[in-house]
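In what follows, a structure is listed as structure tokens, so that the remarks can point back to it.
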Amino acid sequence: MVREKFRYVVFRLECLDNEAPVSRSVSEKELFFQLKDQAARVLGDWEYAESVPKMKLALFYPVTGIGVVKVPSSGKEAFYRVLQSISAVGGRQCKLSPLKASGIIKKAKRWIVRSLK
16 MVREKFRYVV FRLECLDNEA PVSRSVSEKE LFFQLKDQAA RVLGDWEYAE
66 SVPKMKLALF YPVTGIGVVK VPSSGKEAFY RVLQSISAVG GRQCKLSPLK
116 ASGIIKKAKR WIVRSLK
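Spelled out as structure tokens, the structure:
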């Protein structure tokens with residue numbers, strides 16, 4: 016049997032209103048539910064069934080607004096569309112943009128550390 020492969024998509028959450036930093040207003044739970052809700056709106060039945068049940072918010076650093084989502088490699092492109100279509104998280108105007116995809120979380124973490132320097 017063939018093992019399913021996953022990709023770790025690194026993304027940045029930028030809030031467009033400058034009321035408060037991301038760390039005070041957007042929780043990990045709100046972000047995860049917004050991702051699932053938006054995927055239900057944007058994706059078709061097949062794409063949704065292929066990617067969302069196995070999706071996991073692996074990391075979220077609220078201070079920097081950077082997060083990592085684990086998705087099946089077959090649903091990576093569809094998930095990019097979901098990230099780009101989100102306009103609000105937790106009642107705040109926000110923009111999510113995918114930055115990089117990696118095969119293992121260790122490399123995704125290294126990339127985040129290098130890019131923040």
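In the numbering used here, the protein residues as written are 16 to 132. Quick reminder that beta carbons are idealized off the backbone N, C-alpha and C, glycines included.
Please report the distance separating the alpha-carbon of R24 from that of L131.
Residue numbering aside, residue 24 sits at position 9 when the sequence shown is read from its first letter. Residue numbering aside, residue 131 sits at position 116 when the sequence shown is read from its first letter. The residue asked about is misnamed: residue 24 is Val in this sequence, not Arg. Each residue's Cα considered, the two are about 16 angstroms apart.
Can you have a look at V78 and say buried or exposed, based on whether 16 or more other CB atoms are within 10 angstroms of its CB?
For this step, residue 78 is matched to residue 63 along the sequence shown. Flag for V78 reads exposed.
Would you mind working out which of L31, V86 and V41 sits nearest V104, comparing C-alpha positions?
The residue labelled residue 104 in the question sits at position 89 within the sequence shown. Of the candidates L31, V86 and V41, the one whose C-alpha sits nearest the C-alpha of V104 is V41.
For S100, I'd like the list of residues in its chain whose CB is within less than 7 angstroms of its CB, leaving aside the five on either flank, ordered along the chain.
Taking the sequence shown and counting its residues from 1, one reaches residue 100 at position 85. Contacts found: Q53 and V57.
Start and end of the beta strand (DSSP E) containing E19?
Locating residue 19 in the sequence shown gives position 4, counting from the first residue. Where E19 is concerned, there is no enclosing beta strand (DSSP E), given that its DSSP letter is neither H nor E.
CB contact flag (E29, K110, <8 angstroms)
For the purposes of this step, residue 29 is taken as the residue at position 14 of the sequence shown. For the purposes of this step, residue 110 is taken as the residue at position 95 of the sequence shown. Yes, Cβ-Cβ distance for E29 and K110 is below 8 angstroms.
What's the C-alpha gap between G133 and K51?
Residue 133 falls outside the range modelled here, since the chain spans only 16 to 132, and no answer is possible.
Per the DSSP calculation, R125 is bridged to which residue(s)?
Numbered from 1 along the sequence shown, position 110 holds the residue referred to as residue 125. Looking at the DSSP assignment, R125 forms no beta bridge with any residue, so it has no partner.
Is K44 close to the ligand SAH? I mean its beta-carbon at under 7 angstroms from any heavy atom of the ligand.
Within the structure as shown, the ligand SAH is missing, as the structure has no ligands at all.
Have a look at S59 and A116 and give me their C-alpha separation to the nearest angstrom.
Translated into the one-based positions of the sequence shown, residue 59 becomes position 44. Translated into the one-based positions of the sequence shown, residue 116 becomes position 101. It should be pointed out that residue 59 corresponds to Gly in this sequence rather than to Ser. Looking at the two C-alpha atoms, the distance is approximately 22 angstroms.
Provide the residue span of the beta strand (DSSP E) that contains K176, from first to last.
With the chain represented from 16 up to 132, any question about residue 176 goes unanswered, as that position is not in the structure.
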